[in-house]
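Asks:
Residue numbers (the numbering used here): 869 to 1098.
(1) In whole angstroms, what is the alpha-carbon distance linking residue 1002 and residue 992?
(2) I'd like the span of the beta strand (DSSP E) that includes residue 931, first residue to last.
(3) Only counting runs of 3 or more residues, tell me where the beta strand (DSSP E) segments fall wholly within the segment 990 to 1031, in order along the chain.
(4) What residues in its chain sit with their C-beta under 6 Å from that of residue 1102, if we drop five residues either side in the sequence?
(5) Which ranges would you report for the beta strand (DSSP E) in the segment 1048 to 1093 if only whole runs of at least 3 residues count?
(6) Using the Cα positions of residue 1090 and residue 1096, report the straight-line distance between them to the nearest angstrom.
(7) Indicate the three-state DSSP secondary structure (helix, strand or coil) for residue 894 in the structure shown.
(8) Under DSSP, the beta strand (DSSP E) around residue 1042 begins and ends at which residues?
(9) Measuring alpha carbon to alpha carbon, tell me which residue in 1026, 891, 939 is nearest residue 902.
(10) Excluding the five sequence neighbours on either side, which residues of its own chain have a C-beta within less than 7 Å of the C-beta of residue 1011, listed in chain order?
(11) Considering Cα atoms alone, identify which of 1039, 1092, 1021, 876 is closest to residue 952.
(12) Contact defined as beta carbons within less than 8 Å: I believe residue 882 pairs with residue 1004. What is the distance between those atoms, to the nearest angstrom?
(13) Based on the DSSP output, what are the partners of residue 968 in its beta bridges?
(14) Reducing DSSP to helix, strand and coil, say where residue 1035 ends up.
(15) Exposed or buried, what is residue 890 when buried is set at 16 or more other beta-carbons lying within 10 Å of its beta-carbon?
(16) Quick one: Cα of residue 935 to Cα of residue 1065, how far?
(17) What does residue 988 pair with, by DSSP beta-bridge criteria?
(18) When DSSP builds the beta bridges, which residues end up paired with residue 924?
(19) Identify every residue that forms a DSSP beta bridge with residue 963.
(20) Would you mind giving the Cβ-Cβ distance between residue 954 and residue 887, rounded to the nearest angstrom? I have them listed as a contact below 8 Å.
(21) Report back the beta-carbon spacing between residue 1051 and residue 1018 to the nearest angstrom; my notes put them in contact at under 8 Å.
(22) CB-CB under 7 Å to residue 1058, same chain, minus the five flanking residues each way: which ones, in chain order?
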């Protein structure tokens, strides 16, 4: 999760997020090279004593500054398109969860089970225990098995919401009357925090998302206990 004074992204917890981090570094390198080149040209033009007021056009320069930006855009677009297709690809999910946005909480339904679902509310600040995070903890976590493809069907009951977990590289809009889907694979065990990322009313800041990735055996034990309590 994020830390105070953190400038970069959160640690990746899924293959998609790892690809996004690599793409970010790739794009940042290109931007840095362009910025350095532009700064050098500006410095050279300001500091030089050579002038030529009779050159009105240059065919060679115009060709260069037309082709070079096009090549740079292609170098940025190709990795981006690859990741976009990777994010849309959902192959044989092992688990499907329906996430419904409400004002102002989330409800989850494990569609592979007959009666496994719950509402997830934020824990008020006064009820937090030592070690818990303010405005990020919920009374029920969305538990998923690690290293397994998980499909999340996202919709909303009332207004626009957005289901987002940065560490997993997931963000999907929740639109009333429409069912969107996304998928992720948690590559390591852990607790990953997110929040509603679409302004949805007065308590928009108070509907966090907590995803807990556990080994498959632990997930089966958890699901059995939840079904017994249902």
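Where is the CB? At the ideal position from N, CA and C, for every residue including glycine.
Replies: Straight from the coordinates:
(1) Position 134 of the chain shown holds residue 1002. Position 124 of the chain shown holds residue 992. One C-alpha to the other measures close to 8 Å.
(2) Here residue 931 is taken as the residue at index 63 of the chain shown, counted from 1. No beta strand (DSSP E) holds residue 931; the alpha helix (DSSP H) holding it covers 927 to 956.
(3) Entirely contained in the segment 990 to 1031, the beta strand (DSSP E) runs reaching 3 residues are, in chain order, 1010 to 1013, 1017 to 1024.
(4) Given a span of 869 to 1098 for the chain in the structure shown, any question on residue 1102 remains unanswerable.
(5) You should have 1048 to 1053, 1058 to 1064, 1076 to 1082.
(6) Position 222 of the chain shown, counted from the start, is the residue given in the question as residue 1090. Position 228 of the chain shown, counted from the start, is the residue given in the question as residue 1096. Pairing residue 1090 with residue 1096, the inter-Cα distance amounts to about 10 Å.
(7) Walking along the chain shown from the start, residue 894 turns up at place 26. Here residue 894 sits in helix by DSSP.
(8) Here residue 1042 refers to the residue found at position 174 when the chain shown is read from its first residue. Element bounds for residue 1042: 1038 to 1042.
(9) One-based indexing of the chain shown puts residue 902 at position 34. Cα-wise, what sits closest to residue 902 is 939.
(10) One-based indexing of the chain shown puts residue 1011 at position 143. In the same chain as residue 1011, and ignoring 5 residues on each side of it, the C-beta atoms closer than 7 Å to its own belong to 1080, 1082, 1087, 1090, in chain order.
(11) Translated into positions along the chain shown, residue 952 becomes position 84. Minimum Cα-Cα distance from residue 952 among the listed residues 1039, 1092, 1021, 876 corresponds to 1039.
(12) Taking the first residue of the chain shown as 1, we reach residue 882 at position 14. Taking the first residue of the chain shown as 1, we reach residue 1004 at position 136. The distance from the Cβ of residue 882 to that of residue 1004 is about 19 Å, inconsistent with a contact at the 8 Å cut-off.
(13) Sequence index remark: in the chain shown, residue 968 carries index 100 (1-based). DSSP, once it has assigned bridges, lists 975, 1023 as partnering residue 968.
(14) Along the chain shown, one-based indexing puts residue 1035 at 167. In this structure, residue 1035 counts as helix in the three-state DSSP scheme.
(15) Start at 1 with the first residue of the chain shown, and residue 890 comes out as number 22. The residue is exposed, with fewer than 16 neighbouring Cβ atoms inside 10 Å.
(16) Mapped onto the chain shown, residue 935 falls at position 67. Mapped onto the chain shown, residue 1065 falls at position 197. Roughly 38 Å separates the two Cα atoms.
(17) Translated into positions along the chain shown, residue 988 becomes position 120. According to DSSP, residue 988 shares a beta bridge with 974.
(18) Counted from its first residue, the chain shown places residue 924 at position 56. DSSP output for residue 924 lists no bridge partner at all.
(19) Within the chain shown, numbered from 1, the residue matching residue 963 stands at position 95. Bridge partners of residue 963: 1018.
(20) For the purposes of this step, residue 954 is identified with residue 86 of the chain shown, where counting begins at 1. For the purposes of this step, residue 887 is identified with residue 19 of the chain shown, where counting begins at 1. About 6 Å separates the two Cβ atoms, so the contact holds.
(21) As a first step, residue 1051 must be located in the chain shown, where it is residue number 183. As a first step, residue 1018 must be located in the chain shown, where it is residue number 150. The Cβ separation is near 6 Å, so the contact holds.
(22) As a position in the chain shown, residue 1058 is number 190, starting the count at 1. So the qualifying residues of the chain are 881, 1081.
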